[in-house]
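Engineer: Let me begin by handing over the structure; questions about it come next.
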Amino acid sequence: MTDTTDSATKRKWQFPDPMVMIFYILLLASLLTLIVPAGSYDREEVNGATRVVPDSFAYTDSDGAFSFGGVIDFLFSIFVSIPRGLLDAAPYLFIVFIAGGLFHTMTKSHAMEHAIGTMVKHIGMERRGLIVWIGTYLYGLFGIAVGFENNIALVPVAMIISATIGYGNVVGVCMAVGGIGIGFALSPINPYTVGVSQTIAELPLFSGAIYRFILCMASLTLLALYINHYVVKLKDAQPSSEDESGLTKDISEYYMRKSDKIIIGAFALGIVVIAVCSYLSGTGALGRSWYINEIAAVFLIVSVVAAIASGMSANDYVANMVEGASKVTGGALVIGLAASIKIMLDDGGIIDTIIYGLNATAQAVPLQLLAPVMSVIQGVINFFVPSGSGQALVTMPILVPLADLTGMTRQLMIMAFQVGDGLTNLIVPTSGGTLAMLALGGVSYPLWIKVFMPFMIAVYILCFAFLIMGHYIGY
């Protein structure tokens with residue numbers, strides 16, 4: 015008698031594709047709009063910035079009427095939110111396409127390969143652990159000084175470094191995205207979170223930076239240890255057929271050609287321009303916005319320089335840009351799908367209600383544990399409001415009076431906000447910048463969560479310890 019059990023019934027469960035998982039989250043967010051009552055805070059304009067008015071929360075009237083037509087409209091609105099999300103996230107989508115084209119063009123010029131090959135030749139393959147340490151701190155420095163999404167073009171560089179020293183993309187992504195994310199999250203001079211929050215709290219700009227700097231460096235050290243002693247030993251850390259190849263010739267043969275120096279110099283100059291202009295924009299000194307569109311424009315300029323310096327024809331340049339963009343299409347579309355979640359929550363009018371409920375729970379927390387609890391609350395809020403400066407404008411006008419009422423220092427409340435907002439960006443699927451970097455790194459969101467989550471638990475424990483200690487030392 016033959017076995018009627020076929021392979022389909024024995025199929026092993028697999029983690030959902032990122033698009034499938036995010037669609038499930040979209041459905042859950044849609045259901046929340048039916049369960050959670052709508053509400054809102056009043057807003058006011060103060061010095062050109064929109065702020066929430068504390069104690070102004072009120073529930074929005076709803077007739078609660080049920081109709082078949084209303085159900086159909088609700089179901090249809092879920093699918094309408096997807097193209098709306100794609101449009102809303104268009105800057106992120108296009109910077110992924112442009113960055114993908116830029117690095118494919120630079121790859122074709124072999125400038126990046128020659129630069130990294132030369133670096134590895136001088137350091138030595140036998141010291142590749144040191145390369146991981148240097149890379150982690152370097153990416154962390156970019157996160158501290160430049161920002162988060164602003165560093166998106168640097169992610170593919172880590173993939174080449176990782177492949178060059180014999181590892182797969184996952185090691186490079188942990189080094190780049192992890193380093194940038196930790197640096198940005200805990201930056202002592204972050205103008206988007208710390209700067210906005212301290213302005214609202216009426217504290218000197220970037221005051222208390224030394225304590226935040228110590229936490230930031232301790233977290234980057236923990237990350238470097240995690241990569242070198244855990245990630246590199248994982249099966250996922252081994253190179254696969256999908257990983258970009260590292261070097262095409264023996265390490266001893268590498269040196270920097272004149273064209274390589276021009277291309278790498280143009281790329282480095284572009285990063286410096288982005289860093290300086292982003293910082294000046296964040297502090298208001300630039301006098302104009304400098305964000306995704308401007309960064310994408312810098313990427314385009316660098317790609318043109320790379321094409322000219324390497325002797326590419328115009329047709330070859332366009333072909334390389336299109337081919338590079340095509341390699342990151344899937345990741346770019348995931349960003350647009352994730353953006354539809356916030357659209358559904360906005361349309362349902364429940365974001366302020368969620369913020370109100372989460373902040374209300376802080377009233378019953380012991381003072382010495384209030385900072386870690388507020389950090390967790392901010393992390394939950396960040397799922398719904400994935401913008402550091404935007405979240406600061408929404409929550410800090412509420413949290414600053416709360417700190418005063420509970421006896422918690424304003425400086426510690428800002429640090430709790432910074433930890434909760436910044437670290438969560440590395441794992442929530444609503445963070446467009448993280449999804450964009452993962453797309454360029456060739457690592458799926460499920461794999462990222464699988465590999466990186468143990469580190470997230472460890473770094474949260476470290477940060478909570480600093481927050482509790484901050485209470486006792488009067489930070």
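Residue numbers (the numbering used here): 15 to 489. The beta carbon of each residue, even a glycine, is placed where N, CA and C say it ideally should be.
Determine the direct distance from the alpha carbon of valine 390 to that of methionine 120, and round the result to whole angstroms.
Structural biologist: The count along the sequence shown starts at 1 and reaches residue 120 at position 106. The count along the sequence shown starts at 1 and reaches residue 390 at position 376. In a straight line, the C-alpha of methionine 120 is about 41 Å away from that of valine 390.
Engineer: Helix, strand or coil for glycine 325 per DSSP?
Structural biologist: Position 311 of the sequence shown, counting from 1, holds the residue named residue 325. Reduced to three states, the DSSP call for glycine 325 is coil.
Engineer: Count the other C-beta atoms from every protein chain shown that fall within 10 angstroms of the C-beta of asparagine 307, then say buried if there are 16 or more, exposed otherwise.
Structural biologist: Here residue 307 is taken as the residue at index 293 of the sequence shown, counted from 1. Exposed: under 16 other Cβ atoms inside 10 Å.
Engineer: Reducing DSSP to helix, strand and coil, say where phenylalanine 80 ends up.
Structural biologist: Here residue 80 is taken as the residue at index 66 of the sequence shown, counted from 1. Note that phenylalanine 80 has pLDDT 46, beneath the 50 cutoff, so the model's placement of it is unreliable and the number below is only indicative. Coil at phenylalanine 80, not helix or strand.
Engineer: Going by beta carbon distance, what residues of the same chain come within less than 7 Å of valine 2, once the five residues before and after it are set aside?
Structural biologist: Because residue 2 is not part of the residues shown, which for the chain are 15 to 489, the question remains open.
Engineer: Buried or exposed: where does alanine 430 fall if 16 or more other Cβ atoms within 10 Å of its Cβ makes it buried?
Structural biologist: If you number the sequence shown from 1, residue 430 lands on position 416. Looking at its Cβ environment, which holds 16 or more other Cβ atoms inside 10 Å, alanine 430 is buried.
Engineer: If alanine 238 sits next to leucine 454, beta carbons under 8 Å apart, how far is it from one beta carbon to the other, in whole angstroms?
Structural biologist: Here the question's residue 238 lines up with position 224 in the sequence shown. Here the question's residue 454 lines up with position 440 in the sequence shown. Alanine 238 to leucine 454, Cβ: 22 Å. No contact.
Engineer: Specify, as a first and last residue, the run of the alpha helix (DSSP H) that asparagine 439 falls within.
Structural biologist: For the purposes of this step, residue 439 is identified with residue 425 of the sequence shown, where counting begins at 1. Element bounds for asparagine 439: n/a, residue is neither H nor E.
Engineer: Smallest Cα separation from glutamate 59: which of Cys291, Val34, Ile214?
Structural biologist: What you label residue 59 is simply residue 45 of the sequence shown in a count that begins at 1. For the residues Cys291, Val34, Ile214, the minimum Cα distance to glutamate 59 belongs to Ile214.
Engineer: DSSP on alanine 72, reduced to helix/strand/coil?
Structural biologist: By 1-based counting over the sequence shown, the position of residue 72 is 58. It is a strand residue.
Engineer: Quick one: using the 10 Å Cβ neighbour count with 16 as the cut-off for buried, is leucine 152 buried or exposed?
Structural biologist: Sequence index remark: in the sequence shown, residue 152 carries index 138 (1-based). Buried, since its Cβ has 16 or more Cβ neighbours within 10 Å.
Engineer: Below 8 Å, how does it come out for the region 188-202 and the region 311-331: are there three or more Cβ pairs, yes or no?
Structural biologist: These segments do not touch.
Engineer: Would you tell me roughly how many angstroms separate the C-alpha atoms of leucine 46 and alanine 52, rounded to the nearest one?
Structural biologist: Looking up residue 46 in the sequence shown gives position 32. Looking up residue 52 in the sequence shown gives position 38. Going from the Cα of leucine 46 to the Cα of alanine 52 covers about 10 Å.
Engineer: Is it buried or exposed for methionine 15, if we count other Cβ within 10 angstroms and need 16 for buried?
Structural biologist: Here the question's residue 15 lines up with position 1 in the sequence shown. Because methionine 15 carries a pLDDT of 48, less than 50, the predicted location of this residue cannot be relied on, and no value is offered for it.
Engineer: Spatial neighbours of histidine 136 within its chain, please: C-beta separation below 7 Å, excluding the five flanking residues on both sides.
Structural biologist: If you number the sequence shown from 1, residue 136 lands on position 122. Excluding positions up to five away in sequence, the list is empty.
Engineer: Between the Cα of serine 327 and the Cα atoms of Phe88, Thr420, Ser233, Ser123, which residue gives the shortest distance?
Structural biologist: As a first step, residue 327 is located in the sequence shown; it is residue number 313 there, counting from the start. Comparing Cα positions, the closest option is Ser123.
Engineer: Using DSSP's beta-bridge definition, name the partner residues of serine 54.
Structural biologist: As a position in the sequence shown, residue 54 is number 40, starting the count at 1. Its beta-bridge partners are Ala72.
Engineer: I'd like the list of long-range same chain contacts for aspartate 201, defined as Cβ closer than 6 Å, with 5 residues on each side in sequence excluded.
Structural biologist: Sequence index remark: in the sequence shown, residue 201 carries index 187 (1-based). Rather than aspartate, the amino acid found at residue 201 in this sequence is serine. If we look at serine 201 and ignore the five residues flanking it on each side, its Cβ neighbours are Ile158.
Engineer: Under a three-way DSSP split, which group does proline 253 fall into?
Structural biologist: Position 239 of the sequence shown, counted from the first residue, corresponds to residue 253. Coil.
Engineer: Specify the secondary structure class of arginine 271 as computed by DSSP and reduced to three states.
Structural biologist: By one-based count along the sequence shown, residue 271 stands at place 257. It is coil, neither helix nor strand.
Engineer: How is phenylalanine 117 classed by DSSP in three states: helix, strand or coil?
Structural biologist: The count along the sequence shown starts at 1 and reaches residue 117 at position 103. Helix, per DSSP.
Engineer: Using the Cβ count rule (16 or more neighbours within 10 Å means buried), how would you classify methionine 467?
Structural biologist: As a position in the sequence shown, residue 467 is number 453, starting the count at 1. Methionine 467 comes out exposed.
Engineer: Excluding sequence positions up to five away, which residues of its chain have a Cβ less than 7 Å from the Cβ of tyrosine 55?
Structural biologist: The residue labelled residue 55 in the question sits at position 41 within the sequence shown. Here the set comprises Val66, Val67, Ser70, Phe71, Asp366.
Engineer: With DSSP collapsed to three states, give me the class of serine 95.
Structural biologist: Here residue 95 refers to the residue found at position 81 when the sequence shown is read from its first residue. In the structure shown, serine 95 sits in a helix (DSSP, three-state: H, G or I).
Engineer: Report yes if the CB atom of glutamine 392 is closer than 9 Å to the CB atom of glycine 446, and no otherwise.
Structural biologist: What you label residue 392 is simply residue 378 of the sequence shown in a count that begins at 1. What you label residue 446 is simply residue 432 of the sequence shown in a count that begins at 1. No.
Engineer: DSSP three-state call for alanine 125: helix, strand or coil?
Structural biologist: The residue given as residue 125 occupies position 111 in the sequence shown. Of the three classes helix, strand and coil, the one that applies to alanine 125 here is helix, per DSSP.
Engineer: Could you tell me whether the Cβ atoms of histidine 485 and glutamine 382 are closer together than 9 Å?
Structural biologist: In the sequence shown, the residue the question calls residue 485 occupies position 471. In the sequence shown, the residue the question calls residue 382 occupies position 368. Cβ distance < 9 Å, so histidine 485 and glutamine 382 count as in contact.
Engineer: What is the C-beta distance between glycine 345 and leucine 452, in whole angstroms, given that I count them as a contact (C-beta under 8 Å)?
Structural biologist: Position 331 of the sequence shown holds residue 345. Position 438 of the sequence shown holds residue 452. Going by Cβ atoms, the distance from glycine 345 to leucine 452 rounds to 6 Å, so yes, they are a contact pair.
Engineer: Nearest to glycine 182 by CA position, among Gly154, Val146, Leu217, Gln432, is which residue?
Structural biologist: As a position in the sequence shown, residue 182 is number 168, starting the count at 1. The option with the nearest alpha carbon to glycine 182 is Val146.
Engineer: Could you pull out every unbroken alpha helix (DSSP H) segment of at least 4 residues lying fully inside the region 175-200, listed in chain order?
Structural biologist: Runs found: 183-187, 193-199.
Engineer: Does the separation of the CB atoms of alanine 125 and glycine 149 fall below 9 Å?
Structural biologist: By 1-based counting over the sequence shown, the position of residue 125 is 111. By 1-based counting over the sequence shown, the position of residue 149 is 135. It is not a contact, given that the beta carbons lie outside the stated cut-off.
Engineer: Taking the alpha helix (DSSP H) that aspartate 360 falls in, what are its first and last residues?
Structural biologist: Translated into the one-based positions of the sequence shown, residue 360 becomes position 346. Run containing aspartate 360: 343-362, per the alpha helix (DSSP H) assignment.
Engineer: Out of Ala104, Leu107, Phe90, His118, point me to the one whose CA is closest to valine 336's CA.
Structural biologist: Within the sequence shown, residue 336 is the residue found at index 322, counting from 1. Nearest option by C-alpha distance: His118.
Engineer: What number of angstroms, rounded off, separates the C-alpha of leucine 416 from the C-alpha of leucine 144?
Structural biologist: Start at 1 with the first residue of the sequence shown, and residue 416 comes out as number 402. Start at 1 with the first residue of the sequence shown, and residue 144 comes out as number 130. Spanning the two alpha carbons is a distance of roughly 45 Å.
Engineer: Do valine 387 and leucine 437 have their beta-carbon atoms positioned less than 9 Å apart in this structure?
Structural biologist: Sequence index remark: in the sequence shown, residue 437 carries index 423 (1-based). Sequence index remark: in the sequence shown, residue 387 carries index 373 (1-based). No, they are not a contact pair.
Engineer: Is it right to say phenylalanine 80 is buried, meaning 16 or more other beta carbons lie within 10 angstroms of its own, or is it exposed?
Structural biologist: Position 66 of the sequence shown, counted from the start, is the residue given in the question as residue 80. Low local confidence applies: a pLDDT of 46 at phenylalanine 80 is under 50, so the model's placement there is unreliable, with the coordinate-based value given in what follows. Exposed, since its Cβ has fewer than 16 Cβ neighbours within 10 Å.
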